[in-house]
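If you count the sequence shown from 1, you need to add 6 to reach this note's numbering. We put the beta carbon where it would ideally sit given N, CA and C, even for glycine. See structure below.
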Amino acid sequence: MLLKTTAAPCALLLAALAPAAAFAQDQATQLDEIIVTAVRNPEDPPVVAETRARLSRTPGAVAVVSAEAYRDRYAPNLADVLRDVPGVYAEKKWGGDIRLSIRGSGIGNSSHNRGTLLAQDGIPFNEADGFGDFQLIDPSIARYTEVYKGGNALRFGGALLGGAINLVTPTGRTAGAENSFRIDGGSYGTLRAHAEVARTSGDWDVFAAATGQKADGWRDQSNGQQQYGSLNIGRRFGEDREVRLYVSGGYVHQEIPGSVSLSDALTKPKAANPTNKAMAYQRDMASVRSTLQTRWRLNEETVFEGGIYGTWKDLDHPIFQVVDQQSRNYGVFGRLDWTGRAFGKAVDAFYGVSYRSGDLDANQWLNLAGSHGAHTAQSRQNATGLDVFAEGRLFVTDRLALVAGGSFGRAERDYQSYALPPVPGVAASFNLTTGKTWDWFAPRLGLLWQTDGGTQAYANVTRSVEPPNFSALSPTTQGFQPLVPQEAVTWEAGLRGKRDAFTWDVSIYRADLDHELLNFAVNPAAGIPAATFNAGPTVHQGIEAGLDWRFADRFRLRQTYSFSDFHFDGDKVYGDHDLPVVPPHLYRAELRYDAAGGWFVAPSLEWSMADSWVDYQNTLKAPSYAVASLNAGWTVSDGVSLFVDLRNLTDERYVSNFSAVTDARVASTAVFFPGDGRSLFLGLRLAY
7 MLLKTTAAPC ALLLAALAPA AAFAQDQATQ LDEIIVTAVR NPEDPPVVAE TRARLSRTPG
67 AVAVVSAEAY RDRYAPNLAD VLRDVPGVYA EKKWGGDIRL SIRGSGIGNS SHNRGTLLAQ
127 DGIPFNEADG FGDFQLIDPS IARYTEVYKG GNALRFGGAL LGGAINLVTP TGRTAGAENS
187 FRIDGGSYGT LRAHAEVART SGDWDVFAAA TGQKADGWRD QSNGQQQYGS LNIGRRFGED
247 REVRLYVSGG YVHQEIPGSV SLSDALTKPK AANPTNKAMA YQRDMASVRS TLQTRWRLNE
307 ETVFEGGIYG TWKDLDHPIF QVVDQQSRNY GVFGRLDWTG RAFGKAVDAF YGVSYRSGDL
367 DANQWLNLAG SHGAHTAQSR QNATGLDVFA EGRLFVTDRL ALVAGGSFGR AERDYQSYAL
427 PPVPGVAASF NLTTGKTWDW FAPRLGLLWQ TDGGTQAYAN VTRSVEPPNF SALSPTTQGF
487 QPLVPQEAVT WEAGLRGKRD AFTWDVSIYR ADLDHELLNF AVNPAAGIPA ATFNAGPTVH
547 QGIEAGLDWR FADRFRLRQT YSFSDFHFDG DKVYGDHDLP VVPPHLYRAE LRYDAAGGWF
607 VAPSLEWSMA DSWVDYQNTL KAPSYAVASL NAGWTVSDGV SLFVDLRNLT DERYVSNFSA
667 VTDARVASTA VFFPGDGRSL FLGLRLAY
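As structure tokens, this is what we get:
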């Protein structure tokens with residue numbers, strides 16, 4: 007039986023599909039013939055429509071989110087960008103930190119990102135070992151964001167369960183205006199300013215942007231500020247030939263209010279965790295990232311895309327101790343796209359290689375209310391990754407393509423720690439040199455069928471592999487923890503397209519996992535922020551659906567629904583218990599009315615429809631919730647617009663997300679993050 011307890015969500019889904027086979031939203035694939043003949047979607051400028059057409063060649067679930075989709079509301083982090091992508095669980099914890107999970111990737115990770123590649127212009131935000139942060143991502147400098155779920159991210163070379171998310175920076179030619187400025191402000195001392203310029207001169211173009219933001223935060227101990235900058239310079243050398251330089255940087259300072267008990271989250275949601283406040287938990291990060299890339303047409307059939315990149319990041323992070331890390335990552339990638347004929351049939355393919363390497367100097371000190379105390383730990387971590395990948399499509403008929411591909415991967419982890427003078431009350435540091443290497447092959451097979459009207463149906467099966475990162479390996483005097491890579495085989499099928507007023511995108515999937523890397527909160531006060539283990543067999547399966555319906559000329563109803571059934575499969579400890587964290591049913595809807603006078607109003611709803619398990623033993627649940635919001639705006643004149651974004655209208659007290667524990671009956675359950683209360687944000691945007 008594929009899905010458990012699906013009667014209610016299936017009924018809801020079928021009811022919504024009935025009018026015209028209809029679920030989809032901003033990211034639903036739109037095909038070339040539709041783009042030419044239909045009225046232009048204001049969220050679909052040409053550069054975005056071209057990207058949708060390119061991604062429509064993928065026999066699986068993909069998405070494109072344009073900057074226009076969220077420019078008329080306050081969107082300071084990735085959770086706001088990905089709000090309307092079904093199957094992507096992205097919820098704010100505090101400040102710019104969110105919990106991200108695609109189809110259950112990194113499901114129990116208590117902090118940071120794991121299981122999904124995050125990138126900007128192809129440059130990973132992840133470290134070379136796969137660990138990553140969200141705070142250094144600035145949505146203001148994304149022209150559009152590509153989402154490749156699961157094995158559909160093969161184009162990036164990886165084989166992660168969650169896939170890839172890539173923010174694409176505007177160029178001097180694709181930016182919406184030569185000059186743009188916006189300022190947002192509102193509740194909790196929030197103020198954000200963003201400016202950008204775009205220019206072209208002959209074969210040259212340049213785009214530059216800067217963002218500054220500060221906020222006191224809704225909760226105590228949550229003050230923060232961020233500054234970002236981005237530069238994109240390109241030169242053309244004829245049709246479909248260009249070289250481009252990207253440089254970006256950012257600085258983030260963020261206090262950390264921490265997680266609290268369920269009772270405190272619902273009755274005293276503004277209060278910080280007392281330990282976090284007493285020890286001044288915070289995160290300070292600075293980063294510089296650069297890449298030199300090219301797109302070069304070699305002949306009528308072949309285009310090469312490739313580049314080299316380097317990143318530097320510095321982290322000062324007072325938590326249970328002061329964690330101080332400086333990392334350097336660099337990489338090279340290249341991919342060939344080919345179109346031709348074979349066996350008398352149309353064929354296209356891509357193949358390439360991606361290599362990345364990184365080293366990280368890690369130190370820890372006692373935390374003296376946010377300041378450095380005695381030096382307690384020192385280590386050096388080196389990681390490398392190699393992916394060699396390919397995928398091809400053979401059109402056995404004009405409308406049906408067979409798809410096959412795969413990636414060979416290698417990951418290396420080398421670790422060295424150093425003994426330091428003993429510190430009273432702290433576990434002794436130690437000398438250790440150890441390493442580990444993993445190799446794998448992840449194949450992929452699929453079908454892609456398209457009707458004359460542009461509707462597409464697809465099915466695929468993909469193997470994914472995720473090697474442990476340094477945080478999971480947690481070295482001791484005995485070396486790395488005895489972990490093996492997480493493996494999965496994911497089956498996926500879906501339907502997407504557009505007919506008249508309806509655009510839909512529906513997919514269903516099942517992933518059978520072996521050795522899933524799961525985490526649980528242990529005892530941060532004792533210096534053990536998390537532990538990682540390989541679980542027995544687990545299953546991740548679900549439905550992802552979205553619908554855009556435009557009616558009565560000026561109305562648009564956008565709906566997304568995700569059903570997530572993640573559970574153990576005969577585990578020796580947890581049996582068939584459900585996995586915690588991701589809500590089993592998550593529904594979002596927005597009804598927008600665009601008036602003739604240039605103004606709009608858009609009420610919206612986020613509804614977690616059922617309680618979510620907190621622990622692997624299934625003894626404690628986080629309550630369901632429904633949060634209503636209202637967005638409105640007015641185009642004052644050409645290039646001048648205003649918006650208002652009123653969130654959580656009823657001041658609902660709810661839990662936005664939480665960390666997993668093994669057994670809530672015996673473990674500490676101060677793992678809940680309260681959702682923000684009622685808030686109001688205003689914005690002014692100028693473009694000319």
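Leaving aside the five residues that flank glutamate 418 on each side, the residues in its chain whose CB is nearer than 6 Å to its CB run, in chain order, Thr390 and Thr443. For threonine 273, the enclosing alpha helix (DSSP H) stretches over residues 268-273. By the C-beta density criterion, tryptophan 510 is buried, having at least 16 other C-beta atoms within 10 angstroms.
Nearest in C-alpha terms to asparagine 185, of all of Gly169, Gly192 and Val203, is Val203. Bridge partners of tryptophan 210 according to DSSP: Ser207 and Arg241.
Boundaries for aspartate 86: no beta strand (DSSP E) harbours it, while the alpha helix (DSSP H) harbouring it runs 84-87, taken from the DSSP string. Annotation: lysine 578 is outside any alpha helix (DSSP H) and is labelled neither H nor E by DSSP. Out of Arg598, Gly548, Phe401 and Asn158, the CA that lies nearest to the CA of alanine 75 is found in Arg598. Excluding sequence positions up to five before and after asparagine 119, its CB lies within less than 6 Å of the CB of Leu106 and Gly138, all in the same chain and listed in chain order. Closest in alpha carbon position to serine 423, among Asp445, Lys504, Ala410 and Ala368, is Ala368.
For serine 480, the secondary structure class from DSSP, reduced to helix, strand or coil, is coil. In terms of Cβ geometry, leucine 438 and threonine 382 do not form a close pair [threshold 8 Å]. Following the DSSP letters along the chain, one finds alanine 59 in no beta strand (DSSP E) but inside the alpha helix (DSSP H) bounded by residues 52-61. Between the C-alpha atoms of histidine 378 and tryptophan 371 there is a straight-line separation of about 6 Å. In the three-state DSSP reduction, arginine 560 falls in the coil class, being neither helix nor strand.
As DSSP reads the structure, tyrosine 95 sits in a beta bridge with Ser107.
The C-alpha of phenylalanine 606 is placed about 40 Å away from the C-alpha of asparagine 466. Glutamate 248 sits in a strand when the DSSP states are folded into three classes. Across the structure, asparagine 525 and leucine 585 are spaced so that their CA atoms are roughly 11 Å apart. If you ignore the 5 residues before and after alanine 271, its C-beta comes within less than 6 Å of the C-beta of Val661, Phe678 and Pro680, all in its own chain and listed in chain order.
Of the residues Val54, Asn540 and Ala410, the one whose Cα lies closest to the Cα of valine 71 is Val54. Partner residues in a beta bridge of valine 429, as assigned by DSSP, do not exist. The C-alpha of glycine 156 lies about 10 Å from the C-alpha of glutamate 498. When secondary structure is reduced to three states using DSSP, asparagine 369 falls in the strand class. Across the set Ala165, Gly128 and Arg109, the C-alpha of Ala165 shows the shortest separation from the C-alpha of proline 473. The continuous beta strand (DSSP E) containing alanine 632 extends over residues 631-643. Residue range 280-284 is occupied by the alpha helix (DSSP H) that includes proline 280. In the DSSP annotation of this structure, the continuous segment of the beta strand (DSSP E) that includes serine 662 starts and ends at 661-664. Going by beta carbons, proline 280 and aspartate 226 fall outside the 8 Å limit. Taking a 10 Å sphere around the C-beta of alanine 478, we find 16 or more other C-beta atoms and assign the residue as buried.
The distance from the Cβ of methionine 291 to that of glutamine 141 is about 6 Å, consistent with a contact at the 8 Å cut-off.
If only uninterrupted beta strand (DSSP E) runs of at least 3 residues are considered, those enclosed by the stretch 380-443 are 406-423. Remark: C-beta atoms of histidine 583 and tyrosine 622 approach each other more closely than 8 Å.
For proline 609, the uninterrupted beta strand (DSSP E) run begins and ends at 605-614, by DSSP. Asparagine 540 is bridged by DSSP to Leu523. The stretch 625-633 makes contact with the stretch 650-667; the number of CB pairs closer than 8 Å reaches 3 or more.
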